[in-house]
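S.K.:
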Amino acid sequence: MLRFLGLRLARALLTLVLVVSFAFVVLRMSGDPALLIMSADAPPEAVAAFRRAWGLDDPLWVQYFRYFTAIFQGDLGNSMRDGRSAISLVAERIPATLALTLPALAIKLGVGIPAGIYAALHRNSFADRAVMLLAVAGFTVPSFVLGLLLVLLFAVQLGWLPSGGQDSWRHAILPVITMGLGGAAVLARFTRSAMLEVLGQPYMRTALAKGVPWQMAVRRHALPNAAIPTVTIIGFMIGSLLAGAVVVESVFSWPGVGRLLVVAVANRDLAVVQCILLLVAATMITANLVVDLLYGALDPRLRVTARGEA
Amino acid sequence: MSATTPQLVPAVVAPPKQRTKIPPMVAIALFWIVAILAIAFLAEVIRPYSITALDLRARLSPPVFMGGTWAHPLGTDELGRDVLSRLIVSIRMSLLIAFGAAIIAATLGVLLGFLAAHFRGWVEQAVMALVDFQAAMPFMILALSVLAFFGNSLPLFIGLLGLHGWERYARIARGLAISAGAQGYAAAVRQLGATPWRVYARHVLPNIAATLIVSMTLAFPEIILLESGLSFLGLGVQPPMTSLGNMVGYGREYLTRAPWILLSPSAVIVLTTLSVSLVGDWLRDRLDPTLR
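Order-wise, the sequence lines are chains A and B.
Counted the way my numbering counts, the first sequence spans residues 1 to 310.
Counted the way my numbering counts, the second sequence spans residues 1001 to 1292.
Here it is, written out as structure tokens:
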């Protein structure tokens, strides 16, 4: 088990290094940031000074090496726009994003999973059809369309809620609903198919044949087994808590990490973009690691094969 | 897959010939898809105006059903450009991007999947590590960072979206190719002296095509949503070109005064993704129940 853990951890770190390198290569090779930050008619001496100040004159591998060592020292560089450290710029946006994504996650889990289970247990009933129709609709309506429609209805027509900004908790209602509904639809669809798959398994027939009551069989045999694939997608949702709100934050002018990313990308603010990329990768990788560990807890079969592997 | 073990499941498989009736929802969805494709193909012929033609005397004129005139059936925008014409051209652009990206993703994924299945060993490990990496990162974040830095040319944008979802095809192609390799027909052709290239392209590929087409249909709506999302953020298709997401992003500025600018492209996005999803689900149930 320890060996298995160690392998997982090594793989997670490798992925992180891949992401850092990807970010570095893509962002540095794609053009000259100095010319984009300074205006095109800036005097050549100013551009040269700028390049010297940010180390853009050095060979790429030197910049890469310096970047890597700096990361290990917890220094992700400074924003090229206002010179503040990228980490603190990003960190001060995190609470705003979590204020949206955490309640949205609660809606996803609280609505999506029960709806999916109910639909699977009442397969082909009216409720099942309704849930599936809503789930498909929730998947096919893009979040910016749903968000704008909600704004049109509740902010413009009815005037009940504000359309954007971050002044009070009322400003969070529409973005949270926008994100929650879409995610709940995805989760409901996924849970339903996982449940249906499990309900068709021979062990369910065996349990029922030996006289286990239906409810008991569902609770003891179906739900735990259906939880295994569902955990994967929940892990993905938890992993994207920090940056899963890029579009919704833009729709509602919510000053979170996603909004910062869009602005930083548009401004070619390399340090900030890299910092967010790294942050997303780290949360994603951590979430995946936790999911792997949960698999071991949920599914004894995996524990055995893991030991066999190691 | 189902063809491999027909002798094991004869009682479960219903005679397929009897279920040729198309459900009404799917029929409507198919009709919508055909209509959208026709519009995309005929865009240059049927659009009433040029998408950049200004009608300054009819700026922000509402659509017919909101009290406008037939001169601009779906209204006009802030510059007096005809919304219907822009919508028609946008449909073509969005479909072009989605088709291009879907084909790139499928080709790339199948190729890598076959490579992994053929060589096994470290090639397979490398491909699967890439698959894991791609599956673990939210594609939106990757796309955002690549896009704004590589500029906004259309071929690059299509290529970038073509990186979306390749890992799913790779997984499927690898799995199916490995199981096909264990079967008689692939071994037989190989014994006859066929090159690996020929075995995969002429014998394995046709046998797994149904599964691949179904997964392409299921991935297609995601690409449309991704394209429109990025264009909505102003980082996808750039003016003067226009796409559905672009129109919604532009219309957002006029949400209170002229909601029709964003309502018609929004409706087209939703109806199209919904239709393709419905047809994809139906195809999957008909052709390939193994795909969950």
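Idealized CB from N, CA, C, for every residue including glycine.
Quantities reported herein were computed from a predicted structural model and do not represent experimental measurements.
Where do the ends of the alpha helix (DSSP H) carrying residue 1167 of chain B lie?
M.R.: On the second sequence, position 167 is the one that residue 1167 of chain B refers to. 1166-1181 is the extent of the alpha helix (DSSP H) around residue 1167 of chain B.
S.K.: Would you verify that the beta carbon of residue 1094 of chain B is, or is not, closer than 8 Å to some beta carbon of chain A?
M.R.: Looking up residue 1094 of chain B in the second sequence gives position 94. By this cut-off, residue 1094 of chain B is not an interface position.
S.K.: Which of helix, strand or coil does DSSP assign to residue 1256 of chain B?
M.R.: If you number the second sequence from 1, residue 1256 of chain B lands on position 256. Residue state, collapsed to three classes: coil.
S.K.: Tell me whether residue 1076 of chain B sits in a helix, a strand or coil according to DSSP, three-state version.
M.R.: Position 76 of the second sequence, counting from 1, holds the residue named residue 1076 of chain B. If DSSP states are grouped into helix, strand and coil, residue 1076 of chain B belongs with the strands.
S.K.: Which two residues bound the contiguous alpha helix (DSSP H) that contains residue 96 of chain A?
M.R.: By 1-based counting over the first sequence, the position of residue 96 of chain A is 96. Secondary structure note for residue 96 of chain A: its alpha helix (DSSP H) is the uninterrupted segment 94-107.
S.K.: Between the C-alpha atoms of residue 112 of chain A and residue 189 of chain A, what's the straight-line distance to the nearest angstrom?
M.R.: The residue you call residue 112 of chain A lines up with position 112 of the first sequence. The residue you call residue 189 of chain A lines up with position 189 of the first sequence. Their Cα atoms are separated by approximately 8 Å.
S.K.: Check whether the segment 1256-1274 of chain B touches the segment 144-151 of chain A, taking contact to mean three or more Cβ pairs, one atom from each stretch, closer than 8 Å.
M.R.: yes
S.K.: Could you tell me the boundaries of the alpha helix (DSSP H) in which residue 953 of chain B lies?
M.R.: It is not possible to answer for residue 953 of chain B, since the shown part of chain B is limited to 1001 through 1292.
S.K.: Within the same chain, show all residues whose beta-carbon is closer than 6 Å to that of residue 1113 of chain B, passing over the 5 residues directly before and after it, in chain order.
M.R.: Residue numbering aside, residue 1113 of chain B sits at position 113 when the second sequence is read from its first letter. Excluding positions up to five away in sequence, the list reads 1170, 1173, 1174.
S.K.: Quick one, which residues of the segment 245-260 of chain A are near chain B if we go by CB-CB under 7 Å, in chain order?
M.R.: Cβ contacts with chain B come from 246, 247, 250.
S.K.: Does the beta-carbon of residue 1064 of chain B have 16 or more other beta-carbons within 10 angstroms, so that it is buried, or is it exposed?
M.R.: Locating residue 1064 of chain B in the second sequence gives position 64, counting from the first residue. Residue environment: residue 1064 of chain B is assigned as exposed (fewer than 16 neighbouring CB atoms within 10 Å of its CB, all protein chains considered).
S.K.: On a Cα-Cα basis, can you pick out the residue from A:285, A:277, A:286, A:296 that is closest to residue 1140 of chain B?
M.R.: Position 140 of the second sequence, counting from 1, holds the residue named residue 1140 of chain B. The residue with the shortest Cα to Cα distance from residue 1140 of chain B is A:277.
S.K.: Which term fits residue 1034 of chain B, buried or exposed, when burial requires 16 or more other beta carbons within 10 angstroms of its beta carbon?
M.R.: Here residue 1034 of chain B refers to the residue found at position 34 of the second sequence. Exposed: under 16 other Cβ atoms inside 10 Å.
S.K.: Just to confirm, are residue 1235 of chain B and residue 1147 of chain B a CB contact at a threshold of 8 Å?
M.R.: Taking the second sequence and counting its residues from 1, the one referred to as residue 1235 of chain B is at position 235. Taking the second sequence and counting its residues from 1, the one referred to as residue 1147 of chain B is at position 147. Yes, the Cβ-Cβ distance between residue 1235 of chain B and residue 1147 of chain B is below 8 Å.
S.K.: Return the chain-ordered list of same chain residues with a C-beta closer than 8 Å to the C-beta of residue 1257 of chain B, the five sequence neighbours on each side being excluded.
M.R.: Reading the second sequence from its first residue, position 257 is the one you call residue 1257 of chain B. So the list reads 1060, once near-sequence residues are dropped.
S.K.: Can you give me the C-alpha to C-alpha distance between residue 1162 of chain B and residue 291 of chain A, rounded to a whole angstrom?
M.R.: On the second sequence, residue 1162 of chain B is found 162 positions in, with the first residue counted as 1. On the first sequence, residue 291 of chain A is found 291 positions in, with the first residue counted as 1. Between residue 1162 of chain B and residue 291 of chain A, the C-alpha separation is close to 28 Å.
S.K.: In the structure shown, what three-state DSSP assignment does residue 1082 of chain B receive?
M.R.: Indexing the second sequence from 1 puts residue 1082 of chain B at position 82. It is a strand residue.
S.K.: Keeping to the same chain, check which residues put their C-beta closer than 6 Å to that of residue 1080 of chain B; ignore five residues upstream and five downstream.
M.R.: Here residue 1080 of chain B refers to the residue found at position 80 of the second sequence. Only 1054, 1055, 1056, 1058, 1059 meet the Cβ criterion.
S.K.: Leaving out five residues before and five after residue 247 of chain A in sequence, what residues of the same chain have Cβ atoms less than 6 Å from its Cβ?
M.R.: Walking along the first sequence from the start, residue 247 of chain A turns up at place 247. Answer for residue 247 of chain A: 143, 144, listed in chain order.
S.K.: Does the segment 174-183 of chain A come within contact of the segment 209-217 of chain A, defined as at least 3 CB pairs closer than 8 Å?
M.R.: no
S.K.: Counting pairs of beta carbons, one from the segment 152-166 of chain A and one from the segment 110-124 of chain A, are three or more of them closer than 8 Å?
M.R.: no
S.K.: Would residue 310 of chain A be called buried (16 or more neighbouring beta carbons within 10 Å of its own) or exposed?
M.R.: If you number the first sequence from 1, residue 310 of chain A lands on position 310. Caution is warranted here: a pLDDT of 33 is assigned to residue 310 of chain A, below 50, making its placement in the model unreliable, and the coordinate value is therefore given only provisionally. Result: exposed.
S.K.: Are the C-beta atoms of residue 1024 of chain B and some chain A residue less than 8 Å apart?
M.R.: Within the second sequence, the letter at position 24 stands for residue 1024 of chain B. Taking a beta-carbon distance threshold of 8 Å, residue 1024 of chain B does not count as an interface residue toward chain A.
S.K.: Give the range of the alpha helix (DSSP H) segment to which residue 171 of chain A is assigned.
M.R.: Position 171 of the first sequence, counted from the first residue, corresponds to residue 171 of chain A. Per DSSP, residue 171 of chain A belongs to the alpha helix (DSSP H) from 170-199.
S.K.: Would residue 1048 of chain B pass as a contact of residue 1094 of chain B if the rule is Cβ separation under 8 Å?
M.R.: Within the second sequence, numbered from 1, the residue matching residue 1048 of chain B stands at position 48. Within the second sequence, numbered from 1, the residue matching residue 1094 of chain B stands at position 94. It is not a contact, given that the beta carbons lie outside the stated cut-off.
S.K.: Below 6 Å CB to CB, which residues in the same chain sit around residue 174 of chain A once its five sequence neighbours on both sides are set aside?
M.R.: One-based indexing of the first sequence puts residue 174 of chain A at position 174. Answer for residue 174 of chain A: 150, 161, listed in chain order.
S.K.: When we look at the beta-carbon of residue 210 of chain A and count the other beta-carbons within 10 Å, is it buried (16 or more) or exposed?
M.R.: Taking the first sequence and counting its residues from 1, the one referred to as residue 210 of chain A is at position 210. Burial call: exposed.
S.K.: Below 8 Å on the Cβ atoms is my contact criterion, and I expect residue 260 of chain A with residue 93 of chain A to pass it. Report the Cβ-Cβ distance as a whole number of Å.
M.R.: Numbered from its first residue, the first sequence carries residue 260 of chain A at position 260. Numbered from its first residue, the first sequence carries residue 93 of chain A at position 93. Sure, about 5 Å apart at Cβ, within 8 Å.
S.K.: Given that residue 1229 of chain B touches chain D, what residues does it touch there, using C-beta distances under 9 Å?
M.R.: Although the question refers to chain D, the structure presented lacks it and instead comprises the protein chains A and B.
S.K.: Using a 10 Å radius around the Cβ and a threshold of 16 neighbouring Cβ atoms, would you call residue 1082 of chain B buried or exposed?
M.R.: Position 82 of the second sequence holds residue 1082 of chain B. Buried.
S.K.: Check residue 1280 of chain B in the structure and name its three-state DSSP category.
M.R.: Within the second sequence, residue 1280 of chain B is the residue found at index 280, counting from 1. Three-state DSSP puts residue 1280 of chain B in a helix.
S.K.: Against residue 285 of chain A, what residues of chain B qualify as contacts under a CB-to-CB distance less than 8 Å, listed in chain order?
M.R.: As a working mapping, residue 285 of chain A is identified with position 285 in the first sequence. Neighbours of residue 285 of chain A on chain B, chain order: 1136.
S.K.: Residues of chain A with a CB under 9 Å from the CB of residue 1273 of chain B: which are they?
M.R.: Taking the second sequence and counting its residues from 1, one reaches residue 1273 of chain B at position 273. Neighbours of residue 1273 of chain B on chain A, chain order: 139, 140, 141, 142.
S.K.: So the candidates are B:1021, B:1096, B:1076; which of them puts its Cα closest to the Cα of residue 1243 of chain B?
M.R.: Looking up residue 1243 of chain B in the second sequence gives position 243. Out of B:1021, B:1096, B:1076, the CA that lies nearest to the CA of residue 1243 of chain B is found in B:1096.
S.K.: Considering only residues of the same chain and omitting the five flanking positions on each side of residue 183 of chain A, which have a CB-CB separation below 6 Å?
M.R.: The count along the first sequence starts at 1 and reaches residue 183 of chain A at position 183. Excluding positions up to five away in sequence, the list reads 108.
S.K.: Measuring alpha carbon to alpha carbon, tell me which of B:1124, B:1050, B:1104 ends up nearest residue 1089 of chain B.
M.R.: Working through the second sequence from its first residue, we reach residue 1089 of chain B at position 89. Minimum Cα distance to residue 1089 of chain B is reached at B:1050.
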